[in-house]
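So the sequences go chain by chain: F and L.
Residue numbers for the first sequence, in our numbering: 16 to 347.
Residue numbers for the second sequence, in our numbering: 16 to 347.
Just below is one structure, and these are the notes that go with it.
There are 2 protein chains.
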Amino acid sequence: LQELIIGVDLGATKILTGIMDIDGNILDQTWIKTGRKLGSQYVLGQLTDGIKKIIKDNCSPDDVILGIVVASPGPLAWPEGIVYDSPNLKWSMVPIKRELETRLKVPFIAVEHDTNIAALGEYYFGYRQQYQDLIYITVSTGIGGGYILNGQVYRGARGGAGELGHMVVKPGGERCGCGRQGCLEAIASGTAISREANLLIQQGKGLGILAFSQGKEPVSAREVAAACLAGDPEARNIIDQAVKHLGLGIANLVNLFNPEIIILGGSVALGLKDYIAEPLENQVKQQVFRMHADSLQISFSSIGQENALLGCLARYLIGPSTFPRVKADHFI
Amino acid sequence: LQELIIGVDLGATKILTGIMDIDGNILDQTWIKTGRKLGSQYVLGQLTDGIKKIIKDNCSPDDVILGIVVASPGPLAWPEGIVYDSPNLKWSMVPIKRELETRLKVPFIAVEHDTNIAALGEYYFGYRQQYQDLIYITVSTGIGGGYILNGQVYRGARGGAGELGHMVVKPGGERCGCGRQGCLEAIASGTAISREANLLIQQGKGLGILAFSQGKEPVSAREVAAACLAGDPEARNIIDQAVKHLGLGIANLVNLFNPEIIILGGSVALGLKDYIAEPLENQVKQQVFRMHADSLQISFSSIGQENALLGCLARYLIGPSTFPRVKADHFI
Numbered sequence: 016l017q018e019l020i021i022g023v024d025l026g027a028t029k030i031l032t033g034i035m036d037i038d039g040n041i042l043d044q045t046w047i048k049t050g051r052k053l054g055s056q057y058v059l060g061q062l063t064d065g066i067k068k069i070i071k072d073n074c075s076p077d078d079v080i081l082g083i084v085v086a087s088p089g090p091l092a093w094p095e096g097i098v099y100d101s102p103n104l105k106w107s108m109v110p111i112k113r114e115l116e117t118r119l120k121v122p123f124i125a126v127e128h129d130t131n132i133a134a135l136g137e138y139y140f141g142y143r144q145q146y147q148d149l150i151y152i153t154v155s156t157g158i159g160g161g162y163i164l165n166g167q168v169y170r171g172a173r174g175g176a177g178e179l180g181h182m183v184v185k186p187g188g189e190r191c192g193c194g195r196q197g198c199l200e201a202i203a204s205g206t207a208i209s210r211e212a213n214l215l216i217q218q219g220k221g222l223g224i225l226a227f228s229q230g231k232e233p234v235s236a237r238e239v240a241a242a243c244l245a246g247d248p249e250a251r252n253i254i255d256q257a258v259k260h261l262g263l264g265i266a267n268l269v270n271l272f273n274p275e276i277i278i279l280g281g282s283v284a285l286g287l288k289d290y291i292a293e294p295l296e297n298q299v300k301q302q303v304f305r306m307h308a309d310s311l312q313i314s315f316s317s318i319g320q321e322n323a324l325l326g327c328l329a330r331y332l333i334g335p336s337t338f339p340r341v342k343a344d345h346f347i
Numbered sequence: 016l017q018e019l020i021i022g023v024d025l026g027a028t029k030i031l032t033g034i035m036d037i038d039g040n041i042l043d044q045t046w047i048k049t050g051r052k053l054g055s056q057y058v059l060g061q062l063t064d065g066i067k068k069i070i071k072d073n074c075s076p077d078d079v080i081l082g083i084v085v086a087s088p089g090p091l092a093w094p095e096g097i098v099y100d101s102p103n104l105k106w107s108m109v110p111i112k113r114e115l116e117t118r119l120k121v122p123f124i125a126v127e128h129d130t131n132i133a134a135l136g137e138y139y140f141g142y143r144q145q146y147q148d149l150i151y152i153t154v155s156t157g158i159g160g161g162y163i164l165n166g167q168v169y170r171g172a173r174g175g176a177g178e179l180g181h182m183v184v185k186p187g188g189e190r191c192g193c194g195r196q197g198c199l200e201a202i203a204s205g206t207a208i209s210r211e212a213n214l215l216i217q218q219g220k221g222l223g224i225l226a227f228s229q230g231k232e233p234v235s236a237r238e239v240a241a242a243c244l245a246g247d248p249e250a251r252n253i254i255d256q257a258v259k260h261l262g263l264g265i266a267n268l269v270n271l272f273n274p275e276i277i278i279l280g281g282s283v284a285l286g287l288k289d290y291i292a293e294p295l296e297n298q299v300k301q302q303v304f305r306m307h308a309d310s311l312q313i314s315f316s317s318i319g320q321e322n323a324l325l326g327c328l329a330r331y332l333i334g335p336s337t338f339p340r341v342k343a344d345h346f347i
């Protein structure tokens, strides 16, 4: 008899579904492409089928599913689990939680903002013994965050806390996907990095970056990062600018929250870790009060890819009694 | 036999000492000018003498002092109660808590950042039944904040949370007292308002504002506010700019925290309340996600002057068991 947890990471490009035991041993995980353009109903079907299939593939009928946890892009209304106006999913008012509970005939599924899940994963499986106040920041296509404050996940009034990509730090600056100008996400994310590189290329420059895309345009942040790590000066200049903006944004967070630790994750931050770690820390520490700098650690996620699944498990573990125990044959 | 609480608000310009019962009835309160220029030892003497005197004046020897709470400008290391590098007090590393405990021979005195005390006062005596997530913002000479998150005061790693006047929202902008450029405090505080007015006056303009200072220069934020309320267009322009910046700063906070309520206090915000309330709310709500706007209330402090003393009482009430009961004759 196995007792297992299902974790699902709903992303704009892919859906990760995993099954694990309570100690975090991952029995199985699958990826599929998010059929976002086919609409929310289609994607809800993908989520439902993925959960059923991973249970069917890994469980005998008498096994117990202890809980199902879904990580979703935000803004996500909490505790209702409704995706509001998501710039990434391009969805508006999709009640993920209710739909999945209905489709799977389960009375309670936890649906949480993906950044909160990531913060919970880092905290629970990394820093819980050491720290009470942790900020997780993801830098990839977008920028977002999750907080553990006073040892608890902090979600805000409706679950909207952590939209730190939408802190305006350059009024009148570059247009953001959210409609405003000069958001941190608009000047320091992967989207900003690729935009700057493609602007350069349109001016006939950036040949060193183009080499990394085999001449294919537009180039992606991944290719700019590769060129940067290889020493291309134009790529470095673009990354240095993004690091400067990111440093300012993080310094603001430090003065606002005085966290014990900031953990950076996301493909851009992790891909450039060796190049940005030191200058970013310098940028931040120069721009905060001495007291705040003295009590601050800046780290990079070490649980990386597994972060979402372990975060889902952590979400189960902070409130196991709210989840119903359901026999596996219910889903098979 | 009376059981009483002592509350002290240490400000850069004045010290308020009050004595009250556990229901918030204020028996007596006194103000003296902060002898800041005479040094921290002198001011610690003022605090000690003020506490002793108010007990002597209001208590019989058998009365009980339930607790002493001191509100201090920040950055203030918590729980040690050490003023770090305070731009307002111009102090560095002054161990207020230890000094007062030694001088008054009391084993525990709570010393808290004044903005946290204000937030606690608002929460405990105003919104506790309704809200769990509250941000208090003071706009006066400087700008600062205190948070109640998940129903608890949030202080951060060393007590430095809430330095929201030092969120940079205009990189390369006006110089701030903290040394950086473009901090919210440098562009939206009373200091910024008076600076802008005096720049105007130096250019031979701003006569409508000067009328409110009887021609005395430099003019203060209070005089600009008075001119604004009287309809002077130059004063209105200055205030409108400050409101615009303040709206941006608050919108950033809303996207970061998704609070249920924001409460504005401080002389500038309260003095201009009728003029700024509506445009400020519009500015904020236009710049945040719909979900965040839907769940947001913006209010002004209603406990005003009493805020500091009631905040001290609230600080006692959230942890009464940590305070020693001390007979009044100990202080007399």
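Where is the CB? At the ideal position from N, CA and C, for every residue including glycine.
In chain order, 97 place their CB closer than 6 Å to the CB of residue 110 (chain F), counting only its own chain and leaving out the 5 sequence neighbours on each side. The straight-line gap separating the alpha-carbon atoms of residue 311 (chain F) and residue 276 (chain F) is approximately 6 Å. Residue burial annotation: residue 302 (chain F) is buried, with at least 16 other C-beta atoms found within 10 angstroms of its C-beta. Taking residue 130 (chain F) as reference, the option from F:168, F:19, F:197 with the minimal CA-CA separation is F:168. Counting along the chain, the unbroken alpha helix (DSSP H) around residue 209 (chain L) starts and ends at 205-217.
Chain order gives the chain F residues near residue 270 (chain L) as 175, 178, 179, 181, 182, where near means a beta carbon separation below 8 Å.
In terms of Cα proximity to residue 294 (chain F), the closest of F:328, F:30, F:256, F:220 is F:256. Residue burial annotation: residue 40 (chain L) is exposed, with fewer than 16 other C-beta atoms found within 10 angstroms of its C-beta. DSSP lists F:87 as the bridge partner or partners of residue 128 (chain F). Assigned with DSSP and collapsed to three states, residue 180 (chain F) falls in helix. Counting only residues of its own chain and dropping the five nearest sequence neighbours on each side, residue 161 (chain L) has a CB closer than 6 Å to the CB of 130, 131, 133, 134, 151, 177.
The C-beta of residue 173 (chain F) has 16 or more other C-beta atoms within 10 Å across all chains shown, which makes the residue buried. For residue 38 (chain L), the secondary structure class from DSSP, reduced to helix, strand or coil, is coil. Within the segment 18-79 of chain L, the runs of alpha helix (DSSP H) at least 4 residues long that lie entirely inside it are, in chain order, 55-73. Here residue 61 (chain L) has 30, 47, 49, 50 as same chain residues with Cβ atoms under 8 Å from its own Cβ, once five neighbours each way along the sequence are excluded. When only Cα atoms are considered, residue 104 (chain L) and residue 34 (chain L) end up about 24 Å apart. Under DSSP, residue 151 (chain L) shares a beta bridge with L:161, L:278. Look at residue 186 (chain F): its C-beta is under 8 Å from a C-beta on chain L. Flagged as an interface residue toward chain L: residue 90 (chain F), by a C-beta distance shorter than 8 Å. Taking C-beta separations shorter than 6 Å and ignoring five residues to either side along the sequence, the partners of residue 118 (chain L) in its chain run 63, following chain order. Here residue 169 (chain F) is bridged, per DSSP, to F:162. According to the DSSP assignment, residue 227 (chain L) belongs to no alpha helix (DSSP H), since it is labelled neither H nor E. Between residue 250 (chain F) and residue 243 (chain F), the CB-CB gap stays under 8 Å. Within chain L, the C-beta atoms nearer than 7 Å to that of residue 310 (chain F) come from 172, 173, in chain order. Taking a Cβ-Cβ threshold of 8 Å, the residues of chain L close to residue 274 (chain F) are 171, 172, in chain order.
Between residue 175 (chain L) and residue 306 (chain F) a beta carbon distance of about 5 Å is seen, short of the 8 Å cut, so the two are scored as contacting. With a beta-carbon spacing of about 6 Å, residue 185 (chain L) and residue 202 (chain L) fall inside the 8 Å limit used to define contacts. With a contact defined as Cβ atoms closer than 8 Å, residue 254 (chain L) and residue 290 (chain L) qualify at about 7 Å. If the five residues before and after residue 344 (chain F) are omitted, its C-beta is found closer than 6 Å to the C-beta atoms of 76, all from its own chain and listed in chain order. No Cβ-Cβ contact shorter than 8 Å links residue 268 (chain F) with residue 316 (chain F). By the neighbour-count criterion, in which 16 or more other beta carbons inside 10 Å mark a residue as buried, residue 138 (chain L) falls on the buried side.
Chain-ordered, the chain F residues with CB closer than 9 Å to the CB of residue 263 (chain L) read 183, 186. A distance below 6 Å between beta-carbons, with the five flanking residues on each side excluded, links residue 67 (chain L) to the following residues of its chain, in chain order: 346. Residue-level contact check: residue 164 (chain L) touches chain F, since one or more beta carbons of chain F fall below 8 Å from its beta carbon.
For the segment 289-303 of chain L, the set of residues with a beta-carbon nearer than 7 Å to any beta-carbon of chain F comprises 302, in chain order.
By the Cβ rule, the segment 19-30 of chain F counts as touching the segment 325-343 of chain F, because three or more pairs are nearer than 8 Å.
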